[in-house]
Amino acid sequence: MPTDNTIKVYYDAVCPRCRKDRQRYERWAGEGASDIRWCDVSEHRHTLQEKGIEPDAALKSLHVEQADGDIVEGIDAYRLLMARVVFLRPVAWLIGLPVIKPGLRKLYDGWVKRRLKQQGRWS
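Position 24 of the sequence shown, counting from 1, maps to 34 under our numbering, and the rest follow consecutively.
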């Protein structure tokens, strides 16, 4: 049952890896996954634009809308999700460290760019 901690995760449901990551997360989160609404960026383009997020930007980086309406993007969005799973909390802390976060962001951005180019969806 959803609570006031419900978040919306805007993700690329066309991406097989992204769908697998979602399934894995839901399994790990257990009952906590009921507080998450998974939103395909392709189906929520208008909603994203209303929130000031261009659909291309949403494809290139994970966006999470918190219960208060604030949007968290990129590595911080992953950290927010990880912090909801007890055994991932140390990883969430680790990837937020100033010496790790920028490099991890660069790797992630490169991976997304390659994936979208291979699929012919890079703008």
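Each residue gets a CB set at the ideal place from its N, CA and C atoms; glycine is no exception. In this text the structure is predicted, and so the values were computed from the model without any measurement.
- Gly-130 has its alpha-carbon roughly 32 Å from the corresponding atom of Ala-43.
- In the same chain as Glu-83, and ignoring 5 residues on each side of it, the C-beta atoms closer than 6 Å to its own belong to Ser-71, His-73, in chain order.
- When the alpha-carbon of Asp-45 is set against those of Ile-17, Asp-31, Gly-106, Ile-85, the nearest one is in Ile-17.
- In this structure, Asp-31 is the residue among Ile-63, Asp-31, Gly-62, Glu-64 with its C-alpha nearest to the C-alpha of Trp-48.
- C-alpha of Arg-27 to C-alpha of Leu-117: approximately 16 Å in a straight line.
- In this structure, the beta-carbon distance from Val-51 to Tyr-20 falls below 8 Å.
- Leaving aside the five residues that flank Glu-36 on each side, the residues in its chain whose CB is nearer than 6 Å to its CB run, in chain order, Ala-43.
- If you keep only unbroken alpha helix (DSSP H) runs of at least 4 residues inside the stretch 12-92, you get 26-39, 55-60, 65-70, 85-92.
- The Cβ atoms of Lys-61 and Ile-85 do not sit closer than 8 Å to each other.
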